[in-house]
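**Student:**
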Amino acid sequence: MKSKYTTIIDIARQLNISKSTVSRALTGHPNVKEPTRKAVLELASSMEYQRNSLALGFSKHTTNTIGIMVPEFMSTYFPSVIVGVQDVMQAAGYNVVICQQNESYESEVSNMKLLLSYRVDGIIVSHTKETRNFDHFTLAQRRGVPLVFFNRVPDDMNVPNVVVNDYEAAFQAVEHLIAIGRKRIAHLAGPESLVNTRLRRQGYLDALKKHDIPYNPDLVLSYDLTTEKVKIYMKHFLDLATPPDALFAINDPTAIAAMEVVKAKGLRIPEDIAIVGFSNDFSAQLVYPGLTTVAQPTADIGRTAAEMLLQELKAKVKNDYTIKKAPTIQLPTKLIVRESTVSPSKLRNK
């Protein structure tokens, strides 16, 4: 069956009036007589006419649409951020187009071209793990499309961004492991190209240094954020002559995959090895034992990014969209202690 959207031409033909009269009637123009306006609206309703908001936006130089680009949907982090973005943008009268890159740089470039072809008013971004070249983002800037980054932010672009204090959060997570008596603390880090990877690793290193625990390069591995590599590297850690007694993971999916390897080896969590993740994904509460993790305020991150974008859009409308030092907003985190680091009996006695 061939689908066909009803157009202004279809309505005009049925009523034997001009396209311009139909258009004016649909937009409530005062020059249209009431009987004509009523006839147009009734026919438009019966024919299930829907205005082309994209085309309408082209004529007004705004589409009331923004894009959000995220690297993946494998964790609950990015969907939760998107909910926060939608709360703010939809209340402000904007539609939100969501693009998911599956951690692919090529998909990211393609999706950016798509959003620019849609003439979106602005874009909220967390880039992929593969992204090294940011030309597609600078292209958007040259076209006057405001950008706001969150979570994964570029090193050398002057763009507003929303982050957490990755360094301090990692520092506190490792201090927690030290406080429960752990000395051989391994770290599964993300790709070196990611700013938050480097900040979390530095927090890990400085926590060790503060407590006079020597850095052991055998206990730190960076990987590509795939489950397969987690399993390989965690097995490597456990097969060391002196295996680690704790693990600080770059994120919750990493920590949970590592827990599976530990349990498959017949080891106990947290007695033999304590594990800490990062983000407080929904799954962190569901696994056994429950995962100790750094909670990020994901919905607030989304809401804050959206509010920053609205400010950029207002500045653009006022012709005040000038090059200046872009703001960074840093939101707080909280260490959530569960059974992967502290036994249930000790948690109950707290």
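Per numbering that gives the first Met the number 0, the very first residue in the sequence shown carries number 0; after that it's consecutive. C-beta: ideal position from N, C-alpha, C; glycine also. All figures in this text were calculated on a predicted structure; none of them were measured in a lab.
Counting contacts by CB-CB distance shorter than 9 Å, is Glu259 in contact with chain D?
**Tutor:** Of the protein chains in this structure there is only one, and it is not chain D.
**Student:** Rounded to whole angstroms, what's the CA-CA distance from Asp134 to Arg142? Just pull it up for me.
**Tutor:** Rounded to whole angstroms, Asp134 to Arg142 spans 12 Å at the Cα level.
**Student:** At what residues does the beta strand (DSSP E) containing Ile274 begin and finish?
**Tutor:** Ile274 -> beta strand (DSSP E) spans Ala273 to Ser278.
**Student:** Confirm, please, whether the CB-CB distance from Leu40 to Val350 is below 9 Å.
**Tutor:** Not covered by the structure: residue 350. The range shown for the chain is 0 to 349.
**Student:** Is it the case that the segment 114-131 contacts the segment 60-71, given that we only count it when at least three CB pairs across the two stretches are under 8 Å?
**Tutor:** Yes, they touch.
**Student:** Could you please give the first and the last residue of the uninterrupted alpha helix (DSSP H) stretch that includes Ala256?
**Tutor:** From DSSP, the alpha helix (DSSP H) with Ala256 extends over Asp251 to Ala263.
**Student:** Output the residue ranges of the beta strand (DSSP E) runs that lie fully inside the segment 68-129 and measure 3 residues or longer, sorted by chain position.
**Tutor:** Within the segment 68-129, the complete beta strand (DSSP E) runs of at least 3 residues are 94-99 and 121-124.
**Student:** Spatial neighbours of Phe184 within its chain, please: CB distance less than 8 Å, with the 5 preceding and 5 following residues excluded, ordered by chain position.
**Tutor:** First, the residue type needs correcting, since residue 184 is Ile and not Phe in the sequence shown. Here the set comprises Val173, Leu176, Ile177, Tyr203, Leu207, Ile212, Leu218, Pro243, Asp244, Ala245, Leu246 and Phe247.
**Student:** Going by DSSP in three states, Phe236 sits in which element: helix, strand or coil?
**Tutor:** Three-state result, Phe236: helix.
**Student:** What residues are listed by DSSP as bridge partners for Val293?
**Tutor:** In the DSSP output, where bridge partners are listed per residue, Val293 has Phe277 and Leu334.
**Student:** Tell me Gly350's beta-bridge partners as DSSP assigns them.
**Tutor:** As displayed, the chain neither begins before 0 nor continues past 349, which places residue 350 out of reach and without an answer.
**Student:** Could you check the C-alpha separation between Ala294 and Ser282 for me, to the nearest Å?
**Tutor:** When rounded, the distance between both Cα atoms is 12 Å.
**Student:** Going by other Cβ atoms of all chains shown within 10 Å of its Cβ, with 16 needed for buried, is Arg151 buried or exposed?
**Tutor:** With 16 or more other Cβ atoms within 10 Å, it is buried.
**Student:** Is it buried or exposed for Glu227, if we count other Cβ within 10 angstroms and need 16 for buried?
**Tutor:** Glu227 should be labelled exposed.
**Student:** List the residues that DSSP assigns as beta-bridge partners of His186.
**Tutor:** DSSP, once it has assigned bridges, lists Val219 and Phe247 as partnering His186.
**Student:** Measure from the alpha carbon of Ile104 to the alpha carbon of each residue in Val124, Glu129, Arg302 and Ile179, then state which is nearest.
**Tutor:** In the sequence as presented, Ile is not what sits at residue 104; that position holds Tyr. Closest option to Tyr104, Cα to Cα, is Glu129.
**Student:** Taking contact to mean at least 3 C-beta pairs separated by less than 8 Å, is the segment 228-235 in contact with the segment 250-261?
**Tutor:** In short, these stretches touch, since the Cβ pair count reaches three.
**Student:** Would you call the CB atoms of Ser339 and Leu290 closer than 9 Å?
**Tutor:** Yes, they are a contact pair.
**Student:** Can you name the start and end residues of the beta strand (DSSP E) that Asn160 belongs to?
**Tutor:** Its beta strand (DSSP E) spans residues Asn160 to Val163.
**Student:** Rounded to the nearest angstrom, how far is the Cβ of Asp223 from that of Pro190, given a contact under 8 Å?
**Tutor:** Yes, Asp223 and Pro190 are in contact; Cβ-Cβ is about 6 Å, under 8 Å.
**Student:** Would you call Ile8 buried or exposed, if buried means 16 or more other Cβ atoms sit within 10 Å of its Cβ?
**Tutor:** That one is exposed.
**Student:** Return yes when the Cβ of Val194 is within less than 9 Å of the Cβ of Pro159, no when it is not.
**Tutor:** Taking 9 Å as the Cβ cut-off, Pro159 and Val194 do not qualify as a contacting pair.
**Student:** So Ser109 and Pro70 are in contact, right, with Cβ under 8 Å, and what is the actual spacing, rounded?
**Tutor:** With 8 Å as the limit, Ser109 and Pro70 do not qualify as a contact, their Cβ atoms being about 14 Å apart.
**Student:** Quick check on Val286: does DSSP put it in helix, strand or coil?
**Tutor:** Reduced to three states, the DSSP call for Val286 is coil.
**Student:** Does the Cβ-Cβ distance between Thr292 and Leu334 come in under 9 Å?
**Tutor:** Against a cut-off of 9 Å, the Cβ pair of Leu334 and Thr292 comes out as a contact.
**Student:** Counting C-beta neighbours from all protein chains within 10 Å, is the total for Asn250 16 or more, i.e. buried, or is it exposed?
**Tutor:** With 16 or more Cβ atoms within 10 Å of its Cβ, Asn250 is classed as buried.
**Student:** Considering just the uninterrupted stretch of the beta strand (DSSP E) at Leu146, what are its terminal residues?
**Tutor:** From DSSP, the beta strand (DSSP E) with Leu146 extends over Leu146 to Phe149.
**Student:** If contacts are defined as beta-carbon pairs under 8 Å, then Thr225 and Gly83 qualify, I think. What distance do you get, rounded to the angstrom?
**Tutor:** About 27 Å; that fails the 8 Å criterion.
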